[in-house]
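Position 125 (the sequence shown) corresponds to 1208 in the working numbering; numbering is contiguous. We put the CB at the ideal spot given by N, CA and C, even for glycine. Source: prediction; values computed, not measured. Everything below concerns the one structure shown next.
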Amino acid sequence: MKICIDARSPYKGGITTYTQGLLKNLMAMDKKNEYIILYDAEHGKGGYTNADERIAPSSNILWRLIWDHTCLPSLLKKEKVDIYHSFKHLNAFRSQTKLIYTIHSAGIHDPNIISPKLFYLNSTIFKFMSKTSFFIALSEADKEHFLEWSGVGEERIVVIPLGVDERFHEINDEDIKKRVRLRYNLPKKFILSVSMFHPIKNIETLLKAYKSVKQSSKIEHKLVIVGAPLDHGYFRRLVNMTKSLDMEDNVIFTGYIKDDLPYVYNLASLFVCPSLYENFPLPVLEAMACGIPVIASNVGGIPETYGEAAILVEPLDIEGFAAAIDQVLSSDRLRGDLKLKGLERAKSFSWKRCALETLNMYEDIYNLSCASDGTRKIFSKSSNY
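So, in structure tokens, the structure goes:
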């Protein structure tokens, strides 16, 4: 079987983490099938010797669209690809290859978030769905929303949750943590949030909640926000809000952190995820794996994924987040309880399991593609976490 995995994503966010974690484990476990992997120039190739790695257009939207709808179908036909899996782009309409698309539907949950990319998604998804195509959802909640929004038959969707990399764990080496603290000028005590800067991440609510608890409880903790701007206008708005709230001395924007991120998690007292929607919030899982108590929004895939291992709050409830932050920081017992529950919950998710279930899906589609009831057989294996 020949599989083409389209790992392009010019942004340093969850999709990149997803493709890297999946590819690392797929390449390690599957020595039987042939792979073509498409990358964007910004991230470069993965260096897998058992795969045909190629650079394809990604950041230039116009060139990418032309290439996706002309060169890509030709490539799939010429290389006799059996399965094409895309994580970011809806394309290859003219191809006869079996198409798989991983659903990332966070953007369609907020009617105030309008962008050319969202318009393209809405205008092309139905054409894509008319092909012999299959879908991967990262949570049951995202699957249900996509079913309602798209009208796709349930038999064409399988839920495969993501994993957490083994580098995210409790770290006791105080010397390394001290060097990381100095490297990013991190305070002794801080609340942490990690995300791309985009309106769906709802950082405004966190800033206002932090301001509230800072005034009412006089906490020593500063707020550290790690991430790279996906929406530069939104990032500037956050910086201006920090100034208007008179919180410039208490809020730290570190920018994107990769290699040192596990140490940053370990240095934090608390992790907060205020997103308006998340299908599967990887930073929450990474924080739990590092033993950090978590407060998160009660939306999307968060409740089913983390349940009692986190304190859940309505995403726009500023005082609710403030009260939860105060509650966790003022109680050693609660922090210890959340830590233990989070560590236990994080054990349920691994990239190896994600890769194995994805590979099983590829093989089922390939083996049963000619069977009239193939989709029912393929998607009767939805994961239960």
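If we call anything under 8 angstroms between Cβ atoms a contact, is residue i one with residue j?
{"i": "D1314", "j": "V1263", "result": "no"}
{"i": "L1469", "j": "A1351", "result": "Residue coverage of the chain in this structure runs from 1084 to 1468, which leaves residue 1469 outside it and unanswerable."}
{"i": "K1161", "j": "E1117", "result": "no"}
{"i": "E1361", "j": "G1384", "result": "yes"}
{"i": "L1105", "j": "T1441", "result": "yes"}
{"i": "K1163", "j": "W1434", "result": "no"}
{"i": "M1110", "j": "L1439", "result": "no"}
{"i": "G1246", "j": "R1436", "result": "yes"}
{"i": "G1419", "j": "M1371", "result": "no"}
{"i": "K1422", "j": "P1376", "result": "yes"}
Residue i bridges to which residues according to DSSP?
{"i": "A1311", "result": "For A1311, which the question treats as bridged, DSSP gives no partner whatsoever."}
{"i": "S1380", "result": "V1396"}
{"i": "A1220", "result": "V1242"}
{"i": "R1137", "result": "L1121"}
{"i": "F1280", "result": "P1312"}
{"i": "Y1184", "result": "S1169 and F1218"}
{"i": "F1336", "result": "I1308"}
{"i": "D1089", "result": "L1121 and S1169"}
{"i": "I1274", "result": "L1306 and L1353"}
Is it buried or exposed, residue i, if we count other Cβ atoms within 10 angstroms and call 16 or more buried?
{"i": "D1415", "result": "exposed"}
{"i": "L1158", "result": "buried"}
{"i": "I1197", "result": "Per-residue confidence for I1197 stands at a pLDDT of 44, beneath the threshold of 50, marking its modelled position as unreliable; the derived number appears in the next sentence. I1197 comes out exposed."}
{"i": "L1145", "result": "exposed"}
{"i": "G1390", "result": "exposed"}
{"i": "S1327", "result": "exposed"}
{"i": "G1234", "result": "exposed"}
{"i": "A1292", "result": "buried"}
{"i": "D1332", "result": "exposed"}
{"i": "R1250", "result": "exposed"}
{"i": "D1447", "result": "buried"}
{"i": "I1088", "result": "buried"}
{"i": "C1026", "result": "Here the chain covers residues 1084 to 1468 and nothing more, so residue 1026 does not appear."}
{"i": "N1255", "result": "exposed"}
{"i": "D1248", "result": "buried"}
{"i": "I1149", "result": "exposed"}
{"i": "K1171", "result": "buried"}
{"i": "D1456", "result": "Residue placement at D1456 is flagged as unreliable, the pLDDT there being 49, under the threshold of 50; a coordinate-derived value is accordingly withheld."}
{"i": "T1337", "result": "buried"}
{"i": "R1428", "result": "buried"}
Spell out whether any CB of chain B is found under 8 angstroms from the CB atom of residue i.
{"i": "L1145", "result": "Among the chains of the structure shown, chain B does not appear; only one protein chain is present."}
Please return the same chain residues whose Cβ sits closer than 8 angstroms to the Cβ of residue i, not counting the five positions on each side in sequence.
{"i": "R1266", "result": "D1343"}
{"i": "I1259", "result": "Y1346"}
{"i": "I1186", "result": "F1218, I1219, A1220, L1221, D1225, K1226, F1229, I1240 and N1362"}
{"i": "P1270", "result": "H1304, K1305, V1307 and I1335"}
{"i": "E1253", "result": "N1349, C1373, G1374 and L1426"}
For residue i, which residues in the same chain have their Cβ closer than 6 angstroms to its Cβ, ignoring the five residues on either side in sequence?
{"i": "L1321", "result": "I1286"}
{"i": "K1128", "result": "Y1122 and E1136"}
{"i": "Y1184", "result": "S1169 and F1218"}
{"i": "D1409", "result": "V1296 and S1300"}
{"i": "S1216", "result": "L1182"}
{"i": "Y1449", "result": "M1084 and D1165"}
Taking the alpha carbon of residue i as the reference point, which residue from the options has its own alpha carbon closest?
{"i": "A1393", "options": "F1354, A1405 and K1163", "result": "F1354"}
{"i": "L1290", "options": "N1443, T1132, I1448 and E1402", "result": "E1402"}
{"i": "V1241", "options": "N1381, A1224, Q1179 and R1428", "result": "A1224"}
{"i": "I1302", "options": "A1220, Y1445, H1187 and A1405", "result": "A1405"}
{"i": "H1126", "options": "I1098, P1364, D1400 and E1237", "result": "I1098"}
{"i": "N1381", "options": "E1253, I1166, P1398 and I1149", "result": "P1398"}
{"i": "K1115", "options": "N1133, T1102, V1309 and L1306", "result": "N1133"}
{"i": "Y1101", "options": "A1407, R1147, N1443 and L1365", "result": "L1365"}
{"i": "I1120", "options": "R1147, Q1298, N1143 and I1166", "result": "I1166"}
{"i": "I1283", "options": "P1156, L1359 and D1400", "result": "L1359"}
{"i": "N1268", "options": "E1238, M1279, V1309 and I1243", "result": "V1309"}
{"i": "S1278", "options": "Y1445, V1367 and L1451", "result": "V1367"}
{"i": "Y1445", "options": "A1407, T1180, D1329 and I1138", "result": "T1180"}
{"i": "P1244", "options": "R1147, S1431 and N1443", "result": "S1431"}
{"i": "D1400", "options": "D1151, N1323, T1288 and A1429", "result": "T1288"}
Can you name, in chain order, every residue of its own chain whose Cβ lies under 7 angstroms from the Cβ of residue i, other than the five neighbours on each side?
{"i": "H1304", "result": "K1272, F1273, I1274, S1352 and L1412"}
{"i": "T1325", "result": "L1290, E1331 and V1334"}
{"i": "K1294", "result": "L1328 and M1330"}
{"i": "V1396", "result": "I1378, S1380, N1381, G1403, F1404 and A1407"}
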